[in-house]
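The opening residue of the sequence shown carries number 1 in UniProt numbering; numbering runs sequentially from there.
Cβ atoms here follow ideal geometry from the backbone N, Cα and C, with glycine treated the same way.
What follows is a set of notes on a single structure, which appears directly below.
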Amino acid sequence: MKQRKILVTGGAGFIGSNFVHTILEENQDVTVTVVDKLTYAGNLKNLDKWKGDPRFEFIKLDITDKSEVFSKLQNIEVNEIAHFAAESHVDRSILGPEEFVKTNLMGSFYMLELARKLYSQNGLRVFLHVSTDEVFGSLGEDGAFTEKTPYAPNSPYSASKAGSDHLVRAYFHTYGLPVITTNCSNNYGPFHFPEKLIPLMILNCLQGKPLPVYGTGENIRDWLFVKDHCLAIDLVMRDGKFGETYNIGTRNEKNNLDIVHKICELMDEKNPKGAPHKKLIQFVKDRPGHDFRYAIDPSKIENELGWKPKYKFEEAIEQTVDWFLENRSWWEEILSGEYNKYYESQYKELKS
């Protein structure tokens with residue numbers, strides 16, 4: 001394979017920045033160009049490690065601005081695109097769905113149009129579209145999502161991602177674009193923006209704040225360590241079949257309350273002055289349309305590409321807690337900004 005020159009959209013976000021770290025740490029003969037709008041969830045500090053590395057370049061860019069996409073990227077030398085850029089928080093999509101439609105649908109459309117141009121110019125090798133298991137809707141107590149599960153999105157977020165998945169599929173069948181889509185379960189790990197469950201619980205424990213749990217905490221998710229996810233995406237980009245989708249998960253189902261209890265146990269050990277942290281748990285009104293259960297069947301990627309996760313949950317969740325304990329300056333800056341207003345609005349019913 002010739003030298004990989006990868007364009008990473010949303011590369012300053014949570015999963016995107018972890019992917020950049022994975023690619024540059026695992027491969028010497030590779031270049032990475034990150035494009036990111038640097039919204040509230042994008043943070044250039046996530047990529048500080050690569051400043052000055054000749055293999056790395058950053059371009060500030062809004063993928064929903066068609067003229068900017070083409071003026072800055074149409075002559076770029078890349079042969080792979082990893083498309084992470086997306087609005088991704090369900091709660092925010094309920095409060096303001098327009099940004100989700102613009103970014104996840106129109107932004108993906110413009111990136112596909114760019115990919116089509118690059119493909120005709122220099123033989124773009126692959127366009128990898130990163131999606132979510134939420135496009136499949138909600139499961140009952142049994143079963144798991146496969147690549148053949150019908151789409152049934154229940155939130156503005158998942159509906160916008162479902163639309164982008166369909167666009168990607170259409171560009172394969174209509175234009176022959178070498179696309180692949182991955183659908184993942186819930187990620188956790190370093191650089192995770194604190195609006196999501198796991199980092200929210202860790203940081204609230206550290207600050208002695210209430211731990212808000214939706215409903216009764218019985219909603220179930222399939223938890224995927226972000227480093228495993230990034231290794232899987234890299235494998236799919238190298239060996240996956242064009243026009244196909246691959247589900248990425250680790251058969252690691254846990255309900256939200258179990259996750260919160262585990263974090264409390266780790267924090268009791270690592271931050272004993274706040275123990276017992278379980279006393280901070282508060283149950284709050286459930287999210288509208290809250291899907292009961294997600295579970296991924298990763299048999300296809302396991303059987304066809306030989307993928308299996310490297311990390312056990314117990315090891316990975318402790319690594320995640322340790323990362324937040326060791327990177328206080330990273331999250332303190334976030335908590336002092338726009339996030340604080342969002343948090344107060346979202347959880348105003350909490351009792352301090």
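State yes or no: is the C-beta of residue i within less than 7 Å of the C-beta of residue j?
i	j	result
valine 8	alanine 82	yes
glycine 107	threonine 64	yes
lysine 5	glutamate 147	no
threonine 181	threonine 132	no
serine 93	serine 185	no
isoleucine 202	valine 321	yes
asparagine 247	asparagine 183	yes
aspartate 222	asparagine 255	no
histidine 277	aspartate 268	yes
glycine 249	isoleucine 296	yes
threonine 22	cysteine 230	yes
valine 40	arginine 116	Checking the sequence, you will find tyrosine at residue 40 rather than valine. In this structure, arginine 116 does not lie closer than 7 Å to tyrosine 40 by Cβ.
valine 226	glycine 189	yes
phenylalanine 19	phenylalanine 193	no
phenylalanine 84	leucine 167	no
valine 126	glutamate 80	yes
aspartate 228	lysine 310	yes
glycine 215	aspartate 286	yes
glycine 274	glycine 208	yes
phenylalanine 172	glycine 123	no
residue 359	leucine 177	Nothing about residue 359 can be read from this structure; the chain reaches only from 1 to 352.
arginine 328	isoleucine 220	no
Please go through the same chain and pick out, in chain order, the residues whose beta-carbon is closer than 8 Å to the beta-carbon of residue i, but skip the five residues on each side of it.
i	result
glutamine 282	Pro210, Leu211, Pro212, Val213, Leu350, Lys351
glycine 137	Tyr151, Ala152, Pro153, Asn154, Ser158, Asp291
lysine 308	Glu302
glycine 42	Gly10, Ala12, Gly13, Asp36
glutamate 68	Leu61, Asp62
leucine 305	Leu235, Val236, Asp239, Gly240, Tyr246
isoleucine 76	Leu7, Thr33, Leu118
leucine 266	Ile317, Glu318, Val321
Kindly list the residues whose CB is nearer than 7 Å to the CB of residue i, restricted to its own chain and excluding five residues on each side of it in sequence; keep chain order.
i	result
leucine 325	Lys270
asparagine 46	Ala12, Ser17, Phe191
arginine 55	Leu24, Val30, Thr31, Val32
glutamine 346	Asp91
proline 144	Per the sequence shown, the amino acid found at residue 144 is alanine instead of proline. Result list for alanine 144: Ala295, Ile296, Asp297, in chain order.
proline 288	Ile94
phenylalanine 70	Leu114
tryptophan 330	Lys45
Spatial neighbours of residue i within its chain, please: CB distance less than 6 Å, with the 5 preceding and 5 following residues excluded, ordered by chain position.
i	result
asparagine 73	Note on identity: in this sequence residue 73 is leucine, with asparagine being the wrong assignment. Same-chain partners within the cutoff: Leu114.
asparagine 204	Leu211
glutamate 99	Glu87
serine 160	Phe100, Val101, Asn104, Leu105
leucine 197	none
glycine 163	Leu105
glutamine 3	Asp29
histidine 129	His83, Val168, Thr181
cysteine 264	His277, Lys278
residue 355	One cannot answer for residue 355 here, as it falls past the ends of the chain, which runs 1 to 352.
proline 199	His192
Between which two residues does the alpha helix (DSSP H) carrying residue i extend?
i	result
lysine 254	Premise fails: lysine 254 lies in the beta strand (DSSP E), 253-255, not in any alpha helix (DSSP H).
threonine 22	14-26
isoleucine 220	Segment 220-225 is the beta strand (DSSP E) holding isoleucine 220; no alpha helix (DSSP H) there.
valine 90	90-95
arginine 116	108-122
glutamine 346	338-346
In the DSSP assignment, what residue or residues form a beta bridge with residue i?
i	result
histidine 129	His83, Thr181
valine 8	Val34, Ala82
threonine 64	DSSP output for threonine 64 lists no bridge partner at all.
threonine 245	Thr181
glutamine 282	Pro212
glutamate 265	Beta-bridge pairing links glutamate 265 to no other residue.
isoleucine 296	Phe145
isoleucine 59	Val35
(request) Entirely within the region 302-333 and at least 4 residues each: give me those alpha helix (DSSP H) ranges in chain order. (result) 313-326
(request) Identify every run of the beta strand (DSSP E) within the region 133-210, keeping only runs that are complete inside it and at least 3 residues long; order them along the chain. (result) 179-184, 186-188
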